[in-house]
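**Student:** First the structure, which I've put down as structure tokens, then a few questions once you've had a look.
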Amino acid sequence: MKKRGFYKGVVFTLAFLGFSRGFGFALNKGFTFPLLSHYTESAFIRGLVLSLQGLMGLLIPILLGYMSDTYRSKNGRRKPFILAGGVLSGIFALMVYTSYTIGAPLWIFTLVVAIFYFALYSYISQFRALMPELIPSGDRGKSSGFITLGEWAGNLVLFGLSGYVIAVYGGSSQYIMFVLTAIFLILAAVFTYFRVKEPKMPENIPAQGLKTYLKSVVKDKNFLNFYTAQILLWMSYQLVAVFLFGIVAYIMHGDASQASVDQVHSFGLYAMAAFNFTVLGGSLAGGYIYDKIGRRVGIIAGAAMLAIPLSIGWIITTKTQIFLALFFAGIGWGAVLAASFPVVGDLLTKYKKQVFNGRYYGVFEATKALPILIASVLGGLVVDLAGGNYLLLFPFAAVLAWISIPLIWTLHELEED
Numbered sequence: 319m320k321k322r323g324f325y326k327g328v329v330f331t332l333a334f335l336g337f338s339r340g341f342g343f344a345l346n347k348g349f350t351f352p353l354l355s356h357y358t359e360s361a362f363i364r365g366l367v368l369s370l371q372g373l374m375g376l377l378i379p380i381l382l383g384y385m386s387d388t389y390r391s392k393n394g395r396r397k398p399f400i401l402a403g404g405v406l407s408g409i410f411a412l413m414v415y416t417s418y419t420i421g422a423p424l425w426i427f428t429l430v431v432a433i434f435y436f437a438l439y440s441y442i443s444q445f446r447a448l449m450p451e452l453i454p455s456g457d458r459g460k461s462s463g464f465i466t467l468g469e470w471a472g473n474l475v476l477f478g479l480s481g482y483v484i485a486v487y488g489g490s491s492q493y494i495m496f497v498l499t500a501i502f503l504i505l506a507a508v509f510t511y512f513r514v515k516e517p518k519m520p521e522n523i524p525a526q527g528l529k530t531y532l533k534s535v536v537k538d539k540n541f542l543n544f545y546t547a548q549i550l551l552w553m554s555y556q557l558v559a560v561f562l563f564g565i566v567a568y569i570m571h572g573d574a575s576q577a578s579v580d581q582v583h584s585f586g587l588y589a590m591a592a593f594n595f596t597v598l599g600g601s602l603a604g605g606y607i608y609d610k611i612g613r614r615v616g617i618i619a620g621a622a623m624l625a626i627p628l629s630i631g632w633i634i635t636t637k638t639q640i641f642l643a644l645f646f647a648g649i650g651w652g653a654v655l656a657a658s659f660p661v662v663g664d665l666l667t668k669y670k671k672q673v674f675n676g677r678y679y680g681v682f683e684a685t686k687a688l689p690i691l692i693a694s695v696l697g698g699l700v701v702d703l704a705g706g707n708y709l710l711l712f713p714f715a716a717v718l719a720w721i722s723i724p725l726i727w728t729l730h731e732l733e734e735d
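Here this note's numbering is used: the first residue of the sequence shown is 319, the next is one more, and so on.
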């Protein structure tokens with residue numbers, strides 16, 4: 319019972335850290351695009367700025383995840399990164415809105431946003447690595463489900479509360495959400511630093527240089543197929559999430575100008591809140607399926623449920639249809655997230671390479687960030703070339719989700735304990 323209580327404490331702490339990170343990423347999704355609309359109406363330029371998130375996420379988790387595997391300190395090898403990254407994230411969450419309100423030019427605003435992205439990604443590998451290091455295989459699916467629930471609950475609260483605040487108090491009240499985000503990011507990092515007790519670092523860590531480590535990922539069929547499927551699934555999600563306000567504005571007003579985006583900002587936040595609400599249920603279901611029914615089945619079922627509403631999204635014309643599409647897609651996306659989180663840890667356990675959790679979860683995060691980089695630039699270019707038609711992003715996203723399913727099915731070794 320003591321051991322189970324320890325797991326509950328670990329899961330709660332990591333879920334709270336995930337909640338704060340969900341707040342941070344949701345702040346970006348909910349406000350950066352609308353703020354950029356005051357600088358430019360070009361979908362390509364907006365996408366180019368937002369793609370910096372993908373660039374940071376592609377590079378930083380791999381490098382700092384690798385560093386944390388061999389980092390030694392009396393306070394652990396993961397927690398120092400979490401504390402520093404959380405505090406820096408909170409500070410630059412405030413700086414993003416400050417740079418906008420003082421009328422900083424686009425290049426300065428872009429630089430501040432880029433540093434905010436850097437801070438958010440500076441401790442994500444360490445956050446991911448702690449779960450399989452503290453919780454044994456067999457309990458990771460359920461634990462992943464609750465931690466994922468925490469992350470996306472942060473998204474839900476941010477989007478829902480932001481929609482309410484802006485609807486009731488107007489656009490000038492946006493600063494409230496930036497302040498709240500900064501508080502949660504800093505508080506959760508400090509709480510995790512003092513609450514979690516990391517396992518002792520292994521005395522003899524196998525030698526594996528950065529180049530060797532990256533080669534090993536490409537050569538292993540299980541990791542290569544899993545990471546490729548993750549890229550496709552996250553690109554499917556990001557094509558819609560990055561340009562959601564443009565999509566909603568186009569559906570409701572026929573264009574995504576600054577005026578149209580401002581008019582749908584509150585509704586768009588509510589729509590994302592609906593999506594994130596169903597992600598919570600999907601994450602619990604996905605974690606249960608992963609542990610009890612089949613590890614591959616959990617991811618595949620989620621991918622299919624995500625793809626179905628996206629496949630018919632291009633014919634959406636009303637607010638109700640927007641809500642319904644996001645509602646059902648959210649269930650699938652939640653299952654994908656919860657069932658994907660434990661895969662790296664379980665494969666490394668199988669290969670007896672648990673000591674390398676940080677670097678392999680760094681690649682895992684990079685596979686989620688690369689789609690932001692690609693989707694932001696490619697999606698914006700497609701929309702501009704199509705004369706501003708944001709609805710084309712729906713079928714594009716659906717095809718990517720469907721393609722990921724056969725890749726997941728090839729992970730036969732994942733089912734073996």
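Built from N, CA and C at the ideal position, the CB exists for glycine as well.
From Asp664 to Val654, what distance separates their C-alpha atoms?
**Tutor:** Taking the first residue of the sequence shown as 1, we reach residue 664 at position 346. Taking the first residue of the sequence shown as 1, we reach residue 654 at position 336. Cα to Cα, the separation comes out at about 16 angstroms.
**Student:** Could you check where the alpha helix (DSSP H) with Leu438 kicks off and where it finishes?
**Tutor:** In the sequence shown, residue 438 corresponds to position 120, counting from 1. 424-439 is the extent of the alpha helix (DSSP H) around Leu438.
**Student:** Is His583 helix, strand or coil when you go by DSSP?
**Tutor:** As a first step, residue 583 is located in the sequence shown; it is residue number 265 there, counting from the start. Looking at His583 - three-state DSSP - the assignment turns out to be helix.
**Student:** Using a 10 Å radius around the Cβ and a threshold of 16 neighbouring Cβ atoms, would you call Val486 buried or exposed?
**Tutor:** Your numbering for residue 486 matches position 168 in the sequence shown. Exposed, since its Cβ has fewer than 16 Cβ neighbours within 10 Å.
**Student:** Assuming Leu438 contacts Val508 (C-beta within less than 8 angstroms), just tell me the rounded distance between them.
**Tutor:** Locating residue 438 in the sequence shown gives position 120, where the first residue counts as 1. Locating residue 508 in the sequence shown gives position 190, where the first residue counts as 1. Between Val508 and Leu438 the Cβ distance is about 16 angstroms, and since that is not below 8 angstroms, they are no contact.
**Student:** From what residue to what residue does the alpha helix (DSSP H) around Ile549 run?
**Tutor:** Counted from its first residue, the sequence shown places residue 549 at position 231. Here the alpha helix (DSSP H) through Ile549 covers 539-559.
**Student:** Under a three-way DSSP split, which group does Thr358 fall into?
**Tutor:** In the sequence shown, residue 358 corresponds to position 40, counting from 1. Three-state DSSP puts Thr358 in coil, outside helix and strand.
**Student:** Helix, strand or coil: which one does DSSP assign to Val566?
**Tutor:** Within the sequence shown, numbered from 1, the residue matching residue 566 stands at position 248. The answer is helix: DSSP assigns Val566 an H, G or I state.
**Student:** With burial defined as no fewer than 16 other Cβ atoms inside 10 Å of the residue's Cβ, what is the status of Ala693: buried or exposed?
**Tutor:** Walking along the sequence shown from the start, residue 693 turns up at place 375. Ala693 should be labelled buried.
**Student:** In the structure shown, what three-state DSSP assignment does Ile378 receive?
**Tutor:** As a working note, residue 378 is residue 60 in the sequence shown. Look at Ile378 here: in three-state DSSP terms it is helix.
**Student:** Let me make sure I understand the geometry here. Which of Ile721, Trp651, Phe477 has the alpha-carbon closest to that of Tyr555?
**Tutor:** Here residue 555 corresponds to residue number 237 of the sequence shown, with the count starting at 1. With distances taken between Cα atoms, Tyr555 lies closest to Trp651.
**Student:** Given a threshold of 16 other Cβ atoms within 10 Å of its Cβ, counted over all protein chains shown, does Ser386 qualify as buried or as exposed?
**Tutor:** Here the question's residue 386 lines up with position 68 in the sequence shown. Ser386 comes out buried.
**Student:** Out of Leu353, Leu376, Leu562, which has the shortest C-alpha to C-alpha gap to Ile640?
**Tutor:** To locate residue 640, count along the sequence shown from 1; it is residue 322. Considering only Leu353, Leu376, Leu562, the residue with the shortest C-alpha distance to Ile640 is Leu562.
**Student:** Ile549: buried (16+ other C-beta within 10 angstroms of its C-beta) or exposed?
**Tutor:** As a working mapping, residue 549 is identified with position 231 in the sequence shown. It counts as buried.
**Student:** Grab me the residues of Phe362's own chain with a C-beta within less than 7 angstroms of its C-beta, minus the 5 sequence neighbours each way, in chain order.
**Tutor:** On the sequence shown, residue 362 is found 44 positions in, with the first residue counted as 1. Excluding positions up to five away in sequence, the list reads Gly698, Leu699, Asp702.
**Student:** Compare the C-alpha of Ala559 against each of Ser407, Leu335, Thr350 and name the closest.
**Tutor:** As a position in the sequence shown, residue 559 is number 241, starting the count at 1. The option with the nearest alpha carbon to Ala559 is Thr350.
**Student:** Would a C-beta distance cut-off of 8 angstroms place Gly375 and Ala719 closer than the cut-off?
**Tutor:** On the sequence shown, residue 375 is found 57 positions in, with the first residue counted as 1. On the sequence shown, residue 719 is found 401 positions in, with the first residue counted as 1. Their beta carbons are not under 8 angstroms apart, which means Gly375 does not touch Ala719 by this criterion.
**Student:** DSSP on Arg396, reduced to helix/strand/coil?
**Tutor:** Position 78 of the sequence shown, counting from 1, holds the residue named residue 396. Here Arg396 sits in coil by DSSP.
**Student:** Is it buried or exposed for Pro423, if we count other Cβ within 10 angstroms and need 16 for buried?
**Tutor:** The sequence position of residue 423 within the sequence shown is 105, counting from 1. When all chains shown are included, Pro423 counts as exposed.
**Student:** Does the distance from the CB of Leu474 to the CB of Phe595 come in under 8 angstroms?
**Tutor:** Here residue 474 is taken as the residue at index 156 of the sequence shown, counted from 1. Here residue 595 is taken as the residue at index 277 of the sequence shown, counted from 1. Against a cut-off of 8 angstroms, the Cβ pair of Phe595 and Leu474 comes out as a contact.
**Student:** Quick one: what does DSSP say Val514 is sitting in, helix, strand or coil?
**Tutor:** Reading the sequence shown from its first residue, position 196 is the one you call residue 514. In the structure shown, Val514 sits in coil (DSSP, three-state: anything other than H, G, I, E or B).
**Student:** Over the uninterrupted alpha helix (DSSP H) stretch that includes Gly294, give me the two end residues.
**Tutor:** Since the first residue of the chain shown is 319 and the last is 735, residue 294 is not available in this structure.
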